[in-house]
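Reading through the structure tokens given below for one structure.
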Amino acid sequence: MAIQNNKIVIIGAGLAGLFAALKLAPLSVILVTSKKLGSGTSSQWAQAGIAAAVGKFDSVTSHLNDTVQVGGGIVDEKIAELVIKNGPERVNDLISLGVPFDVDENKNLILRKEAAHEHNRIVSVRGDMTGKKIMEVLTKLVGNSSHIEVVEGQNAVELHQENNAVYGVTIQNMSKQTYIESNCIMLATGGIGQLYKVTTNSKEALGDGVGMAARCGAILSDMEFVQFHPTAFDIGIDPAPLATEALRGEGAKIINSKYENFMRDAHPEAELAPRDIVARAIFSEQKKSGQVYLDCRGDLGVRMINDFPTVYELCKKNDINPENDPIPISPAAHYHMGGIGVDEYGRTNIIGLYACGENACSGIHGANRLASNSLLEAIAFADIISKDIKDQINKYEVKKKNPKIVRVKPLDQQDLLRLRETMTKYVGVERDQVGLERAFDIVRNIYIKYQDQGYDNNSLITSLLIIKSAINRTEQRGSHYRTDHPYQDNKLNSRSSITKEDLNL
Ligand SMILES: Cc1cc2nc3c(=O)[nH]c(=O)nc-3n(C[C@H](O)[C@H](O)[C@H](O)COP(=O)(O)OP(=O)(O)OC[C@H]3O[C@@H](n4cnc5c(N)ncnc54)[C@H](O)[C@@H]3O)c2cc1C
12 MAIQNNKIVI
22 IGAGLAGLFA
32 ALKLAPLSVI
42 LVTSKKLGSG
52 TSSQWAQAGI
62 AAAVGKFDSV
72 TSHLNDTVQV
82 GGGIVDEKIA
92 ELVIKNGPER
102 VNDLISLGVP
112 FDVDENKNLI
122 LRKEAAHEHN
132 RIVSVRGDMT
142 GKKIMEVLTK
152 LVGNSSHIEV
162 VEGQNAVELH
172 QENNAVYGVT
182 IQNMSKQTYI
192 ESNCIMLATG
202 GIGQLYKVTT
212 NSKEALGDGV
222 GMAARCGAIL
232 SDMEFVQFHP
242 TAFDIGIDPA
252 PLATEALRGE
262 GAKIINSKYE
272 NFMRDAHPEA
282 ELAPRDIVAR
292 AIFSEQKKSG
302 QVYLDCRGDL
312 GVRMINDFPT
322 VYELCKKNDI
332 NPENDPIPIS
342 PAAHYHMGGI
352 GVDEYGRTNI
362 IGLYACGENA
372 CSGIHGANRL
382 ASNSLLEAIA
392 FADIISKDIK
402 DQINKYEVKK
412 KNPKIVRVKP
422 LDQQDLLRLR
432 ETMTKYVGVE
442 RDQVGLERAF
452 DIVRNIYIKY
462 QDQGYDNNSL
472 ITSLLIIKSA
482 INRTEQRGSH
492 YRTDHPYQDN
502 KLNSRSSITK
512 EDLNL
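In terms of my numbering, the sequence shown opens at residue 12 and continues consecutively.
Next comes the structure, spelled out in structure tokens:
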């Protein structure tokens, strides 16, 4: 079946997809999502909030400095400044749309502090319900918008291009395929966490957008940089629930099984050190002494019911009383700094193809993301892209073409598990050449098996691009820690890029 429409197509209905769809009014939009609208996103799970320089003593310069400081020397400062400058206005947009950010008795925004931020600058809703509340508001608005047609329960599997211009996308549900003709497509499929065995990301975060874009000829950037959240609940749940960073901002300590606090030895800022340092300290303590805990006992544990209701509920559900019991934690794949390379307009190298949110790589995060900068990037670029599309849409050539036959198959359970175990073991918090090459061979063999059956697969391509980029970067930088090259190499002081061709499959 084919939908002949030449409307703008957005793939993915997280914060990036929904906000862009709303901003594109009055242009007609088809919004495709693999789940029901309002579910299957990482956005709805975001706890801490959005970083924005809105405080009285805060400034764009300070926010930019913090972003650059944690980004491992390769943040694109022009892009970072663009996004950060956008922050206050976009937060106001969300307020106008009805997002109930927390305010004090004078109706001023309450600004919270997170690790590696100089100032209190995180706007949130009910402490740790930010993503849930934002998504509730936007989902309702999208559902009621006449310019948006929502296509639910469909996976985008292949983009079609000719002469480097996109002309359509194939979506599928089980084996039934639909072709949507469009000369303007925005990918907003979220992250890659589910390529790892331990992750905080939703089940849909399988790297589909990145894989599809790569197969269509897009350039990917900074793929080796995967952020591991240091403090996911380690209680055998997939995805692993998050104990928000804001808890450490409020004084929670990290302790080992002997109840010793070991973070001071790892970094002068201890619990408030950048994420990669905290994650590695926990990882190495786990190897040394076993289980690691987040200690919220005492006053913070008592306040948790009001100040961090999501974490409190999770504790209760799992028989943990945070007033008296430390919470078992572990690092978990959390955020992908890399992705589909985009410029300051959110455009990829393929004409008419945009990428926004976590599947895009604009360069704001460099080698490591500053906490709460990802929701900010999603809303800033959703706005930038919607303006660019309005400006450019008539320049994109309309192509009426018969779609080619597409054979893309999701991974079966066994192969998915093998992939996830391989990525966690060899491409995780710590990496080395031997392990990365082993990972590449394992994943390539799974890929060849699918090819031999006549199928392609987006998750496998995304994984191979991550592994290959990690092999290429023979140094330690940001979230990318090579135990065989444990120092930063100034010769590698630049962003990376890769295409599917570089995989030599
Ligand atoms: C637990 C948790 C807490 C976080 N807390 C914060 C925070 O406090 N602050 C912050 O800035 N960031 C936070 N992050 C990161 C942030 O939430 C994400 O980076 C951001 O929400 C990504 O938004 P997105 O719109 O790009 O993707 P998502 O919200 O993940 O949405 C992706 C969408 O794409 C759809 N999709 C995927 N594949 C396909 C396909 N093939 N076809 C069709 N649809 C598809 C999915 O169903 C979904 O609708 C957190 C992340 C997690 C997991």
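No residue lacks a Cβ here, since even glycine has one placed at the ideal position from N, Cα and C.
From a predicted model like this one, the values you see are computed outputs, not experimental measurements.
Just to confirm, are residue i and residue j a CB contact at a threshold of 9 angstroms?
i	j	result
isoleucine 482	leucine 447	yes
glycine 349	leucine 231	yes
methionine 146	leucine 42	no
alanine 393	glycine 374	no
valine 445	aspartate 500	no
asparagine 329	isoleucine 400	no
serine 268	valine 303	yes
tyrosine 458	leucine 516	yes
glutamate 215	lysine 46	yes
proline 337	phenylalanine 244	no
valine 153	proline 99	no
proline 421	glycine 138	no
Compare the C-alpha of residue i against each of the options and name the closest.
i	options	result
leucine 217	Cys227, Ala199, Ile230 and Gly228	Ala199
leucine 305	Val289, Ile316, Asn119 and Lys511	Val289
isoleucine 390	Ser45, Ile85 and Leu93	Leu93
lysine 264	Gly309, Leu33 and Ile246	Gly309
glycine 352	Ile90, Asn405 and Asp467	Ile90
valine 168	Lys96, Met185, Asn174 and His347	Met185
aspartate 402	Met315, Tyr356, Phe319 and Ala251	Tyr356
methionine 434	Gly465, Gln205 and His130	Gln205
glutamine 238	Gly202, Asp115 and Pro333	Gly202
histidine 240	Ala225, Met234, His345 and Gly138	His345
arginine 455	Gly465, Leu476 and Leu33	Leu476
glycine 142	Thr255, Gly262 and Ala243	Thr255
lysine 411	Cys307, Arg418, Tyr190 and Asn76	Tyr190
valine 6	Ser54, Lys46, Gly23 and Thr52	With the chain running from 12 to 516 in the structure shown, residue 6 is simply not present.
histidine 491	Ser53, Asn468 and Arg286	Arg286
aspartate 426	Pro414, Gln165 and Ser470	Ser470
threonine 52	Tyr437, Lys144 and Arg137	Lys144
histidine 158	Leu33, Lys436 and Glu173	Leu33
glutamate 173	Asp139, Asn335, Thr78 and Glu408	Glu408
glycine 301	Asp467, Val313, Glu271 and Gly312	Glu271
isoleucine 19	Gln487, Val180 and Asp219	Val180
glutamine 188	Asn504, Ser474, Arg418 and Asn155	Arg418
isoleucine 453	Val102, Val440 and Leu430	Leu430
glutamine 487	Leu38, Val440 and Lys118	Val440
lysine 511	Pro497, Ser474 and Ile395	Ser474
Specify, as a first and last residue, the run of the beta strand (DSSP E) that residue i falls within.
i	result
phenylalanine 244	237-244
glutamate 163	159-163
tyrosine 190	187-192
asparagine 184	176-184
asparagine 166	166-173
tyrosine 541	Residue 541 falls outside the range modelled here, since the chain spans only 12 to 516, and no answer is possible.
valine 4	Within the shown structure, residues of the chain are numbered from 12 to 516, placing residue 4 beyond reach of any answer.
arginine 354	The displayed chain sequence assigns aspartate, not arginine, to residue 354. Per DSSP, aspartate 354 belongs to no beta strand (DSSP E) and is neither H nor E.
Give every residue of the same chain whose Cβ lies closer than 7 angstroms to the Cβ of residue i, excluding the five residues on either side of it in the sequence, and list them in chain order.
i	result
serine 383	Ala59, Gly60, Ile61, Ala62, Glu125 and Ile133
lysine 479	Phe451, Ile509, Asp513 and Leu514
glutamate 432	Lys208
threonine 359	Ala224, Ala229, Ile351, Gly352, Val353, Tyr365 and Ala366
aspartate 443	Arg493, Thr494 and Asp495
aspartate 318	Gly138
Leaving out five residues on either side along the sequence, give the residues of the same chain with a beta carbon under 8 angstroms from the beta carbon of residue i.
i	result
leucine 283	Ala126, Ala127, Arg259 and Gly260
valine 177	Leu170, His171, Ser193, Asn194, Cys195, Ile196, Cys227, Ile361, Ile362, Gly363 and Leu364
aspartate 115	Ile121
tyrosine 323	Met315, Ile316 and Pro333
glutamate 88	Leu75 and Val79
arginine 484	Glu235, His491, Arg493, Leu503 and Ser507
Excluding the 5 residues preceding and the 5 following residue i in the sequence, name in chain order all residues of the same chain whose CB lies nearer than 6 angstroms to its CB.
i	result
glycine 377	Gly82, Gly83, Ile85 and Val86
arginine 275	Ala281
glycine 49	Thr150
valine 161	Leu42 and Leu48
valine 110	Ile145 and Val148
glutamate 129	Ser73 and Asp77
tyrosine 466	Arg418 and Lys420
For the alpha helix (DSSP H) containing residue i, name the first residue and the last one.
i	result
glycine 349	No alpha helix (DSSP H) contains glycine 349, which DSSP labels as neither H nor E.
aspartate 233	Taken as a continuous stretch (DSSP letters only), aspartate 233 belongs to no alpha helix (DSSP H), as it is neither H nor E.
asparagine 469	469-483
isoleucine 293	286-300
aspartate 402	384-403
methionine 315	310-318
lysine 420	Counting along the chain, lysine 420 falls outside any alpha helix (DSSP H), and DSSP gives it neither H nor E.
Contact criterion: CB-CB distance below 9 angstroms. Does residue i meet it with respect to chain D?
i	result
serine 507	Protein chain content of the structure displayed is limited to a single chain, and chain D is not contained in it.
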